[in-house]
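Residue numbers (this note's numbering): 61 to 235.
Only one structure is covered here, and it is reproduced in the block below.
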């Protein structure tokens, strides 16, 4: 329900300037379909948000339910990321970066750009890769991650003293 929940809460906001900060830090991902639907519903009108690489088929666009009216199109958007932003989250930020619709602030993401299945064989667990993901412009995510436009590191002292230099920089820059 990620997309419908976001839209519902967004529509409850009072009238505002077309500026938004989205925090994807520490977001380990989720369902691929939810992630790609989020990207298309919020920012990407009629654009492919992910490319699947399947060994037996080759590269194919991901059928992600592109939309005619993205609700955040035209918004000045900053997305916060870090090394624990992973998997489906990385698919979203890679697409948004490719199309130039957001500025990414923070640290390079984790780098998990594959989908895997697990099965039990002879009492052992076997995990195998079924898909590899690339951004719409062909950037591989796996083991590489997605680099931010503005790199900001959060120090140990920042965590101890509950400071958030990343959010502070984003709030300053979004004005």
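Every residue gets a Cβ at the ideal spot worked out from N, C-alpha and C, and that includes glycine.
These figures come from a predicted structure and were not determined experimentally.
Rounded Cβ spacing between residue i and residue j (contact assumed at less than 8 angstroms)
| i | j | result |
| --- | --- | --- |
| residue 89 | residue 187 | Not a contact, Cβ separation roughly 16 angstroms. |
| residue 154 | residue 172 | Contact doesn't hold; Cβ gap of about 12 angstroms is too wide. |
| residue 234 | residue 75 | With 8 angstroms as the limit, residue 234 and residue 75 do not qualify as a contact, their Cβ atoms being about 17 angstroms apart. |
| residue 158 | residue 197 | 4 angstroms |
Contact with chain B by residue i, beta-carbon distance below 9 angstroms
| i | result |
| --- | --- |
| residue 226 | Of the chains in the structure shown, none is chain B; there is only one protein chain. |
DSSP beta-bridge partners of residue i
| i | result |
| --- | --- |
| residue 175 | 191 |
| residue 137 | 80 |
| residue 210 | 165 |
| residue 185 | 180 |
| residue 200 | 194 |
Residue i to residue j span [Cα, whole Å]
| i | j | result |
| --- | --- | --- |
| residue 108 | residue 195 | 9 angstroms |
| residue 66 | residue 99 | 12 angstroms |
| residue 144 | residue 182 | 34 angstroms |
| residue 64 | residue 97 | 10 angstroms |
| residue 220 | residue 119 | 45 angstroms |
| residue 226 | residue 136 | 17 angstroms |
| residue 165 | residue 110 | 21 angstroms |
| residue 206 | residue 83 | 15 angstroms |
Beta-carbon contacts of residue i that lie in its chain and below 8 angstroms, excluding the five residues immediately before and after
| i | result |
| --- | --- |
| residue 130 | 100, 101, 102, 103, 104 and 105 |
| residue 228 | none |
Own chain partners of residue i with C-beta closer than 6 angstroms, once the 5 adjacent residues on each side are dropped
| i | result |
| --- | --- |
| residue 160 | none |
| residue 174 | 189, 192 and 202 |
| residue 132 | 102 and 103 |
Range covered by the alpha helix (DSSP H) that runs through residue i
| i | result |
| --- | --- |
| residue 226 | 225-233 |
| residue 156 | 148-159 |
| residue 86 | Looking at the DSSP string, residue 86 is not in any alpha helix (DSSP H), and its letter there is neither H nor E. |
| residue 219 | 216-220 |
| residue 170 | No alpha helix (DSSP H) contains residue 170, which DSSP labels as neither H nor E. |
| residue 145 | Looking at the DSSP string, residue 145 is not in any alpha helix (DSSP H), and its letter there is neither H nor E. |
Cut-off 7 angstroms between Cβ atoms - residues of its own chain near residue i, not counting five sequence neighbours on either side
| i | result |
| --- | --- |
| residue 203 | 171 |
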